[in-house]
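Trainee: Going line by line, the protein sequences match chains L and H. This note's numbering puts the last residue of the first sequence at 380; the count rises by one with no breaks. This note's numbering puts the last residue of the second sequence at 1253; the count rises by one with no breaks. Heads up, the beta-carbon is just placed ideally off N, CA and C, and yes, glycines get one too.
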Amino acid sequence: MKPVPSPAEPAASPAREAFSAQTREGRLHLRFSGPLERDVAARLWEEAHRARGATTAVTIDAGEVTALDSGGAALLASLAGSEAEWIEPRDAMARGSLERFRNGLGMVKAREAPPRKFRPISALGAYTLGRYEKFLERAAFMGETVLTALSLLPRPWRLRWSEVLRHLDEAGTRAFPLCILLGTLIGVILAFQSSVPMRQFGAEIFIPQLVGISLTRELGPLLAGVILAGRTGSAYAAELGTMRVNEEVDALKTMGLDPTAWLVVPRILASTLVMPALSMVMNITGLIGMGIVMATLGYPPVAVLNQLGQWLSIGDLAGGLGKGAFFGLAIGYVGCRAGLSAGRGPRAVGDAATGAVVGGIVALVLLDGLFAVLFFRLGW
Amino acid sequence: MAEDRPEAVIEARDVAMRFGSRTIFKDVTFDVRRGEIFVILGGSGCGKSTLLKLLIGLMPPSAGEIAVLDEEWSDLEGEARRALLRRIGVMWQSGALLGSLTLSENVELPIEAHSRLPEAARALIASAKLGLVGLGDAGDRLPSEISGGMLKRAGIARAMALDPEILFLDEPSAGLDPITSAGLDQLIVSLARETGTTFVVVTHELQSILAIGDRCIMLDKDAQGMIAEGDPKKLRDESEHPTVRAFFRREAM
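Below, the structure is given as structure tokens:
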């Protein structure tokens, strides 16, 4: 596709007079006239480039161009390449505009494109090293946290208690409404779902045991943990990540304050302390929800309480709540670590928050599995 | 320039802004004329950036009227609003480049949104604009890989992408080294003189104000409004207002 129009006739579509292409004495003359602005340039782009083809001897005649913006200048510059002859616009504004555009392009230095070859072995090596470095980083963070926490034990006044209280409020009391809502719903759902098969055996009276034990031993702490990971773990990561991006963490360090003692320990302490409370709220509201379903099935509250009193031991409750405290510890730790190891930029904070939630929930389930084995061995 | 008085491109009449019961400013009235470099200045917290947001239509004023290129933001919706947006450009204080796109793609963004130019044309325009602000070799870098001053210059390149009639710059030289900042001032002046682009610059950099400003207004926190209007050099030499004097002489009050 190489149109070589004869000298006499204007090339391309004659309807558009803003542009014409002619070959004179072996040179291709591309002539533009009138206002050459974004919309015109967009319309002419294809046509002009087709007319130009791969010819080397080109004259860009912009003498009659009356107005030029960067869209038009881009069209002219793209047609000109490096060795075209120019006929400058007679209009001063258009000339200035073209001049500035070319000046701008003149400043562009080609950067050497980095080699993009796929090298599987070195990629694998880099990946492994990266993981190893990350592992070291995580180990260092854990060690630092543990050491700082231990060093604060004999000097508890050095911990920022106002900060601990703030986090207790944010992670704890403010999560109560959500826990109450979810707890009640879970209690209702569990009781209702189990009532269907239980009824077949006339065993509806055992629903309180079933719901009670699964709530206190498992579901209470687990669901409270999911709430904590979603609400608080992500908040820790986002908050600390933003502080890192804003160089607040570096500022603390240069003031001689230990970011771990200042930022991490209060948060982890708070998340550890709130978990038994959240689990307890979950348990109580879940049992109330179950009681409501039992009442609709015709069992009075006394019967339900009686069943619960007979089968639920304080050990079930204590085990569940104790487990919850460890869940809180892990979730707070994962959240803080994700925040403090966040990269720079707005996306990094989002990534850190996601990592905190995912990591928190994974840690939660892993720990729960460990506790299941432990409790089984101990015969609890 | 004041004698033959070119047309006003921005007219603000009795503009007031309140957040709740707190008045940021009130009774702000001024014109910005075509081709001039208009500086909004004032100390920290006086509402300079808020005024800028009103001018570019991000927020409606609590009271008063603002006309930009003879249109009021509150009257505009859909295509009419887009048409006006095409005619203005804004550089944000920290650049406000999208972090997931390269500088070049950031500059191409408004061109893509407002024209049908092909990819090659957009890339070429982006290179030229980045070259103009001295970032000719950084087009394929991500915003996270460059310094604050470079971000700011890339922000200007993006604001200029559509050759706007009015360019709004929020603190263009804050945080830049003197050489870069002077280069930026030169660029602003040459664009204003050669293309007739109108500039509205929010700043408190004294040197920059004196170097580029044709006219200015000064806002003050305590007065909750404008305390001066006019040629910055004249204000520096002649103003009797204590805050204006202190501002231009860099004195503590």
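1) Report, in whole angstroms, the separation of the C-beta atoms of residue 1130 of chain H and residue 1138 of chain H, which I expect to be a contact under 8 angstroms.
2) Taking the alpha-carbon positions, what's the residue 20 of chain L to residue 1224 of chain H distance?
3) In chain H, which residues lie with their C-beta within 7 angstroms of the C-beta of residue 101 of chain L?
4) Applying the 10 Å Cβ sphere with the 16-neighbour rule, what's the burial state of residue 1106 of chain H?
5) For a contact defined as C-beta to C-beta under 8 angstroms, what are the partners of residue 51 of chain L on chain H?
6) With 16 as the cutoff for other CB atoms within 10 Å, does residue 1237 of chain H come out buried or exposed?
7) Please go through the segment 302-355 of chain L and give each complete alpha helix (DSSP H) segment of 4 or more residues, from N-terminal end onward.
8) Should residue 171 of chain L and residue 231 of chain L be called a contact, given that it needs their Cβ atoms to be closer than 9 angstroms?
9) With a 10 Å radius around its C-beta and 16 neighbouring C-beta atoms as the bar for buried, classify residue 296 of chain L as buried or exposed.
10) Using a beta-carbon distance below 9 angstroms, is residue 45 of chain L in contact with chain H?
11) Roughly how many whole angstroms lie between the Cα atoms of residue 127 of chain L and residue 69 of chain L?
12) If you reduce the DSSP assignment to three classes, tell me which class residue 68 of chain L lands in.
13) Fully enclosed by the segment 97-156 of chain L, which alpha helix (DSSP H) runs are 4 residues long or longer?
14) Near residue 14 of chain L, what residues of its chain come up, given a Cβ to Cβ distance below 6 angstroms and the 5 sequence neighbours on each side ignored?
15) From residue 3 of chain L to residue 76 of chain L, what distance separates their C-alpha atoms?
16) When you check each C-beta in the segment 1148-1170 of chain H against every C-beta of chain L, which residues fall closer than 7 angstroms?
17) Got a sec: which bits of the segment 1104-1120 of chain H sit with their beta carbon under 9 angstroms from any beta carbon on chain L, in order along the chain?
18) Do you know how far the Cα of residue 1092 of chain H is from the Cα of residue 1057 of chain H?
19) When we look at the beta-carbon of residue 61 of chain L and count the other beta-carbons within 10 Å, is it buried (16 or more) or exposed?
20) Go to residue 1247 of chain H, then tell me how far its beta strand (DSSP E) extends in each direction, as first and last residue.
21) What are the boundary residues of the beta strand (DSSP E) that includes residue 22 of chain L?
22) Between residue 1228 of chain H and the rest of its own chain, which residues show a CB-CB distance below 8 angstroms, the 5 nearest in sequence each way excluded?
23) Determine the chain A residues that contact residue 1132 of chain H at a beta-carbon separation under 8 angstroms, and present them in chain order.
24) Output the boundary residues of the alpha helix (DSSP H) element that contains residue 291 of chain L.
25) For chain L, is any of its Cβ atoms less than 9 angstroms away from the one on residue 1125 of chain H?
26) Please confirm if residue 1079 of chain H has its CB atom under 9 angstroms from at least one CB of chain L.
27) Please report the straight-line C-alpha distance between residue 158 of chain L and residue 303 of chain L, rounded to a whole angstrom.
28) For the segment 1179-1202 of chain H, list every residue whose C-beta sits within 9 angstroms of some C-beta in chain L, in sequence order.
29) Do residue 1032 of chain H and residue 1198 of chain H count as a contact pair if the criterion is CB distance below 9 angstroms?
30) Sorted by chain position, which residues of the same chain lie with C-beta nearer than 6 angstroms to residue 364 of chain L's C-beta, five sequence neighbours on each side aside?
31) At what residues does the alpha helix (DSSP H) containing residue 1221 of chain H begin and finish?
32) Between residue 339 of chain L and residue 239 of chain L, which are expected to be in contact by the criterion C-beta below 8 angstroms, what is the C-beta distance as a whole number of angstroms?
33) Does residue 1033 of chain H come out as helix, strand or coil in the three-state DSSP assignment?
34) Closest Cβ-Cβ distance between residue 241 of chain L and chain H: below 9 angstroms?
35) Whose Cβ in chain H lies nearer than 8 angstroms to the Cβ of residue 36 of chain L?
36) With DSSP as the reference, please indicate the residues paired to residue 232 of chain L in a beta bridge.
Mentor: Reading off the structure:
1) 7 angstroms
2) 60 angstroms
3) 1128
4) buried
5) Within chain H, no residue comes near residue 51 of chain L; the closest Cβ sits about 16 angstroms away, beyond 8 angstroms.
6) exposed
7) 314-340
8) Annotated as proximal: residue 171 of chain L and residue 231 of chain L, with beta-carbon spacing under 9 angstroms.
9) exposed
10) True, the Cβ-Cβ gap to chain H drops below 9 angstroms.
11) Cα-Cα distance, rounded: 48 angstroms.
12) strand
13) Runs of the alpha helix (DSSP H) spanning 4 or more residues and lying entirely within the segment 97-156 of chain L occur at 120-152, in chain order.
14) The pLDDT assigned to residue 14 of chain L is 40, lower than 50, so where the model puts this residue is not dependable, and the model offers no usable value.
15) Low confidence applies to residue 3 of chain L: its pLDDT is 46, below 50, so where it sits in the model is not reliable, and the reading given next is rough at best. Their backbone Cα atoms lie some 19 angstroms apart in a straight line.
16) 1163
17) 1111, 1114, 1115, 1116, 1117, 1118, 1120
18) 14 angstroms
19) buried
20) Element bounds for residue 1247 of chain H: not the beta strand (DSSP E) but the alpha helix (DSSP H), 1242-1248.
21) 19-24
22) 1216, 1217, 1218, 1235, 1239, 1241, 1244
23) Going by chain labels, chain A is absent from the structure shown, which instead holds the protein chains L and H.
24) 265-296
25) yes
26) no
27) Rounded to the nearest angstrom, the two C-alpha atoms are 51 angstroms apart.
28) Answer in chain order: 1190, 1191, 1194, 1195, 1196.
29) yes
30) 225, 327
31) First-last for residue 1221 of chain H: undefined, no H or E at that position.
32) 6 angstroms
33) strand
34) no
35) Result: empty, since nearest Cβ-Cβ is about 12 angstroms, beyond 8 angstroms.
36) Answer is none; residue 232 of chain L lacks a bridge partner.
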